[in-house]
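Numbering (the numbering used here), first residue to last: 125 to 509.
Here's what the structure looks like:
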C-alpha cells in the first residue's frame with residue numbers, strides 16, 4: 125500500500141508526539157523540575173506582559189480621547205507625543221493610587237488597629253450587660269460571659285515575640301529575607317521595564333508576531349488564532365475596565381452616604397469596599413464584613429445601619445449602575461459567572477476569580493460559535509429549538 129507524503133508526515137508527527145508523551149509521563153519529576161526552572165526564568169517577562177496588558181487599557185483610552193485622529197491630523201507632532209504622554213499620565217495615575225493607599229489607607233488602618241484594643245475592652249462590659257439582661261436566669265451562660273476578658277498588652281507582646289522569634293524560624297535568617305526582598309524588587313524592575321518596552325513598541329511587536337505566526341502556521345489556522353486572540357483581548361479589557369469603574373463608583377457612594385449619615389470609618393470603609401469590589405460577586409460582601417466589624421466595635425446600632433445601607437447600595441449598584449457600566453461586555457450567563465468565580469477562587473485564589481470570568485467567557489463564545497456552525501451545517505437554525 126502506497127502512502128502519500130502528507131499521510132507519512134501525519135504518522136511521523138503522531139509517533140513523535142506519542143513518544144514525547146510517554147517520556148514525559150515516565151520522567152514526570154524531571155519534567156516538572158524543568159518546567160519550574162523555565163517558569164522561574166520567564167516569570168519577570170510574564171509579569172511584565174501582565175502589567176503591560178493592564179496599563180494598556182487606560183493608555184489606549186487616553187490616546188483615543190486626548191489625541192484623536194482629528195487633532196493628530198492637524199498637528200503631526202501630537203501623533204509622536206501621543207504614546208509617551210499617555211503612558212506618563214497612566215503611570216502618574218497609578219502612582220497616585222499607590223500613594224493614596226500608602227498615606228491614607230495604611231495610616232488609617234494603623235490608627236484603627238491601635239484603637240481596636242481599647243474599643244474591644246470597652247465593648248466586652250456592654251456585651252456582659254446585654255447578656256445579663258437577656259439570660260439573667262441562665263447560670264451557665266452568665267458564668268461563661270463573666271469569664272470573658274481581653275488583655276491587649278498580652279496580645280501585642282505575643283505578636284512582638286512572634287515577629288522576633290517565630291518569623292525568624294519561618295524565614296530561616298535575616299539574610300534569606302533580604303535576598304528574597306532584593307530578588308522581588310529585581311524581578312519587578314525587570315518586569316516593569318519589559319512592560320514599558322511592550323507599550324511603546326506594541327504595534328511593531330504585533331506585526332512581528334503576525335509574521336512569525338503566518339510563517340510557521342497555515343493561513344487558515346493563523347487567521348483563526350488571531351480572531352481568538354482579538355476576542356480574548358476585547359473580553360479581558362472590557363471586563364477589567366468595567367470592574368474598575370464599577371468599584372470606584374461603589375466606593376464613592378459608600379464614602380458619601382456614610383459621611384451624610386455620620387457613620388464612623390467612612391473613608392476607610394469606602395476604600396476597602398472599592399478594592400474588594402474588584403472581586404466579582406463576593407468581593408463587596410468581604411468589604412461589608414470588615415466595615416461592619418469596625419463600626420460594631422464603636423456602636424452596634426450604627427453597624428446595623430451600615431449593613432442596611434450596604435444592602436440598599438448593593439441593589440442600586442447591581443440593578444442600575446453595573447448593567448450600564450459593565451453591561452454584557454463579558455457575555456457570560458450568571459450561572460457560568462458563579463461557576464467561574466468558584467473554580468478560579470479554589471484554584472488560584474483572588475487572582476483566579478479575576479482571570480477565570482473573562483477566560484470562561486472566551487471559551488463560552490468560541491463554543492457557542494462552534495455549536496451554531498454545526499447546527500447550520502445540519503440545516504438547523506436557532507429558531508428550530
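Cβ atoms here follow ideal geometry from the backbone N, Cα and C, with glycine treated the same way.
Around residue 306, the same chain offers no residue with a beta carbon nearer than 7 Å, after the five sequence neighbours per side are excluded.
Listed in chain order, the alpha helix (DSSP H) runs fully inside the stretch 460-503 amount to none, counting runs of at least 4 residues. Counted as a single uninterrupted DSSP element, the alpha helix (DSSP H) harbouring residue 361 occupies residues 343-384. Nearest to residue 381 by alpha-carbon distance, out of 494, 408, 430 and 346, is 430. The residue from 384, 323, 319 and 365 with its alpha-carbon nearest to that of residue 433 is 384.
Under the 10 Å beta carbon count, residue 418 is surrounded by 16 or more other beta carbons and is classified as buried. When the alpha-carbon of residue 370 is set against those of 493, 440 and 386, the nearest one is in 440. Taken atom to atom, the span from the alpha-carbon of residue 154 to that of residue 167 is near 20 Å. Rounded to whole angstroms, residue 465 and residue 409 show a C-alpha spacing of 14 Å. Apart from the 5 residues on each side of it in sequence, residue 229 sits with its Cβ closer than 6 Å to the Cβ of 395 in its chain, given in chain order.
Residue 397 is not a Cβ neighbour of residue 420, given a cutoff of 8 Å. DSSP, read as helix, strand or coil, puts residue 325 in coil. Straight-line measurement puts the Cα of residue 131 at about 50 Å from the Cα of residue 313. Between the C-alpha atoms of residue 353 and residue 197 there is a straight-line separation of about 30 Å.
The alpha-carbon separation between residue 321 and residue 350 amounts to approximately 22 Å. Contiguous alpha helix (DSSP H) elements confined to the stretch 197-233 occur at 200-224, taking only those with 4 or more residues.
CA-CA distance, residue 393 to residue 375, rounds to 8 Å. Secondary structure at residue 401: coil, using DSSP grouped into helix, strand and coil.
Per the coordinates, the alpha-carbon of residue 140 lies some 39 Å from the alpha-carbon of residue 461.
Look at residue 184 here: in three-state DSSP terms it is helix. The DSSP-derived three-state label of residue 152 is helix. A residue is called buried when at least 16 other Cβ atoms come within 10 angstroms of its Cβ; residue 152 does not meet this threshold and is exposed. The beta carbon of residue 401 sits closer than 6 Å to those of 371, 374, 407 and 408, all from its chain and outside the five residues before and after it, given in chain order. Of all alpha-carbon atoms in 165, 204, 209 and 201, the one lying nearest the alpha-carbon of residue 185 is that of 209.
Distance between residue 491 and residue 224, taken at the CA atoms: about 43 Å.
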